[in-house]
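Novice: Below is the structure I would like to discuss, written out as structure tokens.
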Amino acid sequence: MKSFLNIKRKRKHDLRQILNAIFYLVKTGCQWRMLPGEFPKWQIVYYYFNRWKTLGVIERSDAF
Numbered sequence: 102m103k104s105f106l107n108i109k110r111k112r113k114h115d116l117r118q119i120l121n122a123i124f125y126l127v128k129t130g131c132q133w134r135m136l137p138g139e140f141p142k143w144q145i146v147y148y149y150f151n152r153w154k155t156l157g158v159i160e161r162s163d164a165f
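Position 48 of the sequence shown, counting from 1, maps to 149 under my numbering, and the rest follow consecutively.
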């Protein structure tokens with residue numbers, strides 16, 4: 102039973118690609134729905150952005 106609980110699911114999307122998409126949005130001013138196809142779908146990127154913002158991982162900054 103213990104080994105069953107330790108199984109972790111593999112991520113479908115690379116977090117680095119999601120972070121790159123967020124940087125792209127900030128740099129270009131692109132709308133969420135207009136993200137190029139080289140990035141994950143905008144809904145996925147927005148989900149992580151919103152989650153990280155809520156958790157305080159991403160804060161408003163002059164860097165963005």
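All C-beta atoms, glycine included, are put in the ideal place defined by N, C-alpha and C.
No experiment lies behind these values; they were computed from the predicted model shown.
(1) Assuming I119 and V146 make a contact with CB atoms under 8 Å, what is their CB distance in whole Å?
(2) With distances taken from CA atoms, which of D115, K128, K109 and K111 is nearest Y149?
(3) Less than 9 Å separating the beta-carbons of L136 and K128?
(4) Relative to the C-alpha of N151, which candidate in F140, W133 and G138 has its C-alpha closest?
Specialist: Looking at the coordinates:
(1) 5 Å
(2) D115
(3) no
(4) W133
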